[in-house]
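**Q**
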Amino acid sequence: MDVGSSIRELRQTRGLTQEGLAAALYVSRQTISHWESGRTTPDAQSLLLMSALFAVTVDELVKGGVEAISVVEAQERRRARLSYATAAGIGLVGAAVVAPALVAGLGALGGALSLAPVATALAVAGVSRSRASEGASLHVLREALESNVELLLHAEGDMHDLAVTVLDEKNERPYLVRHVASVPRGERWGIEDAAGRRVARVAYRVIMTAAPLPSIEAQIDGVGTVTARKNLRMRAGVAQVWELEGCDVGVAGDWLGEKVELTQAGRAIASVEFEGADARLRVPHGRHVLLALTLAFLLLLVRVEERRHSWARTGVPA
Numbered sequence: 010m011d012v013g014s015s016i017r018e019l020r021q022t023r024g025l026t027q028e029g030l031a032a033a034l035y036v037s038r039q040t041i042s043h044w045e046s047g048r049t050t051p052d053a054q055s056l057l058l059m060s061a062l063f064a065v066t067v068d069e070l071v072k073g074g075v076e077a078i079s080v081v082e083a084q085e086r087r088r089a090r091l092s093y094a095t096a097a098g099i100g101l102v103g104a105a106v107v108a109p110a111l112v113a114g115l116g117a118l119g120g121a122l123s124l125a126p127v128a129t130a131l132a133v134a135g136v137s138r139s140r141a142s143e144g145a146s147l148h149v150l151r152e153a154l155e156s157n158v159e160l161l162l163h164a165e166g167d168m169h170d171l172a173v174t175v176l177d178e179k180n181e182r183p184y185l186v187r188h189v190a191s192v193p194r195g196e197r198w199g200i201e202d203a204a205g206r207r208v209a210r211v212a213y214r215v216i217m218t219a220a221p222l223p224s225i226e227a228q229i230d231g232v233g234t235v236t237a238r239k240n241l242r243m244r245a246g247v248a249q250v251w252e253l254e255g256c257d258v259g260v261a262g263d264w265l266g267e268k269v270e271l272t273q274a275g276r277a278i279a280s281v282e283f284e285g286a287d288a289r290l291r292v293p294h295g296r297h298v299l300l301a302l303t304l305a306f307l308l309l310l311v312r313v314e315e316r317r318h319s320w321a322r323t324g325v326p327a
């Protein structure tokens, strides 16, 4: 789905007209129409405003549209250059044609009036620069979505009150994983962004079958639902194994090892290194941050669960 289709779908889902969305973003209805039809693309500020208005991530707004933004942006730059060159040429030719007659008839005033076509050309150049500025902001947004992100997840507490502080390379807190509730045979967490808006929900519960088996489910805004579940499998007897389902994601490597890779559709999207109660998450492309962060938290919960299981079985902390 392209950017324009995402905007139209989110607008219609929330019962907004193009006029209503335009008023909320302080733009014209025609601007909204152009975005939705793919004739132009929103600038970075408009994308951020729509992200807040629709309560979705910027990544969900653009979907797989980083490439689409690049294509449309390139088309806009070509149109802007062509428009500038054409208008400037017409303006200068017009000035050359009218100048002799105006100067002869009106003197100095005629000479001043003959510059009107040149002024028009300069105005067009200003529009061109404005479009270039918009393209630059889209470039900044694209770079942010594509750039490498490194986060440190610091965990405190046990399963019933586990909280995780997330720090970036600037020692700022772009996300916080907060324990929100304890329920019968389960726990609940929320992942919040820097503005305090919940962007994912995580639930741990114990499924009572022949043996109690843990299940951890994450609902990620703009991405979908991912479940880590421990199942019984027959492998030279009865074995218990963790499995990951949903959003075509997976874990490459030992879930309880020091380093694993997170994958989607068979392609690596992040790596996680565990250091005691901490996890260092590296995400090559910023658009995968929320998914990778949630998966890393699921793995932390798996490790806490395995420590609890080992302690209950042996009486010795893992």
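Number 59 in my numbering belongs to position 50 of the sequence shown; there are no gaps in the numbering. Cβ coordinates follow ideal geometry from the N, Cα and C atoms, glycine included.
Excluding the five sequence neighbours on either side, which residues of its own chain have a C-beta within less than 8 Å of the C-beta of R182, listed in chain order?
**A** Here residue 182 is taken as the residue at index 173 of the sequence shown, counted from 1. Answer for R182: T174, V175, L176 and A203, listed in chain order.
**Q** Alpha carbon to alpha carbon, how far is S37 from E254? Give it in angstroms, no decimals.
**A** Taking the sequence shown and counting its residues from 1, one reaches residue 254 at position 245. Taking the sequence shown and counting its residues from 1, one reaches residue 37 at position 28. So the two alpha carbons sit approximately 43 Å from each other.
**Q** Can you pull the DSSP bridge partners for D287?
**A** By 1-based counting over the sequence shown, the position of residue 287 is 278. Partner(s): H163 and E284.
**Q** Please go through the same chain and pick out, in chain order, the residues whose beta-carbon is closer than 6 Å to the beta-carbon of A212, but skip the five residues on each side of it.
**A** For the purposes of this step, residue 212 is identified with residue 203 of the sequence shown, where counting begins at 1. Once the five neighbours on either side are set aside, the close Cβ partners of A212 are R197 and E226.
**Q** Here's the rule: buried if 16 or more other CB atoms are within 10 angstroms of the residue's CB, otherwise exposed. What is T49?
**A** Working through the sequence shown from its first residue, we reach residue 49 at position 40. T49 comes out buried.
**Q** Please identify the residue among L62, D263, G259 and V12 whose C-alpha is closest to the C-alpha of A31.
**A** Here residue 31 refers to the residue found at position 22 when the sequence shown is read from its first residue. That would be L62, whose Cα lies nearest to the Cα of A31.
**Q** Taking the C-alpha atoms as reference points, what is the distance between D230 and T66?
**A** Locating residue 230 in the sequence shown gives position 221, counting from the first residue. Locating residue 66 in the sequence shown gives position 57, counting from the first residue. Roughly 7 Å separates the two Cα atoms.
**Q** According to DSSP, simplified to helix, strand and coil, what is V341?
**A** An answer regarding residue 341 cannot be provided, because it is not within the stretch 10 to 327 covered by the chain.
**Q** What's the C-alpha gap between V235 and T40?
**A** To locate residue 235, count along the sequence shown from 1; it is residue 226. To locate residue 40, count along the sequence shown from 1; it is residue 31. Looking at the two C-alpha atoms, the distance is approximately 37 Å.
**Q** In or out: R191 buried (at least 16 other Cβ within 10 Å) or exposed?
**A** Here residue 191 refers to the residue found at position 182 when the sequence shown is read from its first residue. Reading off the sequence, residue 191 comes out as Ser, not Arg. So S191 ends up on the exposed side.
**Q** Taking the beta carbon of R138 as the centre, do at least 16 other beta carbons fall within 10 Å, making it buried, or is it exposed?
**A** Residue mapping note: residue 138 aligns to position 129 of the sequence shown, counting from 1. Because R138 carries a pLDDT of 49, less than 50, the predicted location of this residue cannot be relied on, and the following value inherits that uncertainty. Classification of R138: exposed, given that the 10 Å Cβ count is below 16.
**Q** Can you tell me which residues form a DSSP beta bridge with G233?
**A** Position 224 of the sequence shown holds residue 233. Paired residues: I229.
**Q** Look up T50 in the DSSP assignment and say whether it is helix, strand or coil.
**A** Numbered from 1 along the sequence shown, position 41 holds the residue referred to as residue 50. Here T50 sits in coil by DSSP.
**Q** Around the Cβ of T303, are there at least 16 other Cβ atoms within 10 angstroms (buried) or fewer (exposed)?
**A** On the sequence shown, residue 303 is found 294 positions in, with the first residue counted as 1. Label assigned to T303: buried.
**Q** Considering L271, what are the terminal residues of the beta strand (DSSP E) in which it resides?
**A** Position 262 of the sequence shown, counted from the start, is the residue given in the question as residue 271. Per DSSP, L271 belongs to the beta strand (DSSP E) from K268 to Q273.
**Q** When DSSP builds the beta bridges, which residues end up paired with E252?
**A** Taking the first residue of the sequence shown as 1, we reach residue 252 at position 243. Partner(s): R238.
**Q** Can you give me the Cβ contacts of N157 inside the same chain, cut-off strictly under 6 Å, excluding the 5 residues immediately before and after it?
**A** Sequence index remark: in the sequence shown, residue 157 carries index 148 (1-based). These residues qualify, in order along the chain: P293.
**Q** Taking the alpha-carbon positions, what's the S224 to G259 distance?
**A** Here the question's residue 224 lines up with position 215 in the sequence shown. Here the question's residue 259 lines up with position 250 in the sequence shown. S224 and G259: Cα-Cα distance of roughly 16 Å.
**Q** Determine the extent of the beta strand (DSSP E) in which S191 is found, giving its start and end residues.
**A** Translated into the one-based positions of the sequence shown, residue 191 becomes position 182. Its beta strand (DSSP E) spans residues Y184 to V192.
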